[in-house]
Amino acid sequence: MEERRLEGGRLLRAGRLTHAAIAQRLGVSLRAVRRWTKHLRDHPSSGLKALHRRPRSGRPPQLSTAQWYSTPAILRKDALKAGFETDRWTLRRIRDLIRRQFAVASQPNYVAARPRASGWSPRVPAVRATERDGEMIRAW
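15 is the number of the first residue of the sequence shown in this note's numbering; add one for each residue after it.
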């Protein structure tokens, strides 16, 4: 993405193309090109450095990238094998597993990001009446 920003900056500096043409050429939104234009205008002395990626501010992540990427593989295994009573993964169970595996304490909402990013989605078991009578349902 940074390469696109820098190329966009060069194209903006050249002044030959419209914002829409730059957006189309680089496969980005018109809004992104306008944002780059604003950065270049607000920081003229920096030149294209104004478009370079800046380090993230805030607290560093609790888990390393390698640890994050290893969690889906762990979750593909049964929750039973991980020591839980049932085979259902919950955010609290994932949090507990991460605490045991990596000695990192976190909140369930922090833990939710990894499975979601891996394409997992919440599953709610189907609720069925305990007194369900299949024969009666078929006859109806």
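Glycine included, each C-beta is placed from N, C-alpha and C at the ideal position.
Residue i versus the options, residue with shortest Cα-Cα distance
i, options, result
"L105", "A80, R30 and T85", "T85"
"L25", "H57, S59 and L65", "L65"
"M13", "V118, L31, I36 and L40", "Absent from the structure is residue 13, since the part of the chain shown begins at 15 and ends at 154."
"R27", "Q81, R45, L44 and H53", "H53"
"I112", "A80, D101, R152 and V141", "A80"
"P75", "V118, L44 and G23", "V118"
"V42", "R68, R18 and L62", "R18"
"L77", "R30, R114, D147 and R146", "R114"
"Y83", "S132, D92, D101 and T51", "S132"
For residue j and residue i, the rounded distance between their alpha carbons
i, j, result
"N123", "R130", "11 Å"
"L89", "R70", "29 Å"
"L20", "D110", "43 Å"
"T32", "G97", "60 Å"
"V141", "E149", "19 Å"
"D56", "L62", "12 Å"
"L44", "G29", "16 Å"
"A153", "D147", "10 Å"
"A135", "S59", "In the sequence on display, residue 135 carries Ser and not Ala. Cα to Cα, S135 sits roughly 47 Å from S59."
"G72", "I151", "58 Å"
"E2", "Q121", "Residue coverage of the chain in this structure runs from 15 to 154, which leaves residue 2 outside it and unanswerable."
Counted within 10 angstroms of its Cβ, other Cβ atoms place residue i as buried (16 or more) or exposed
i, result
"V125", "buried"
"A37", "buried"
"I108", "buried"
"G22", "buried"
"V47", "buried"
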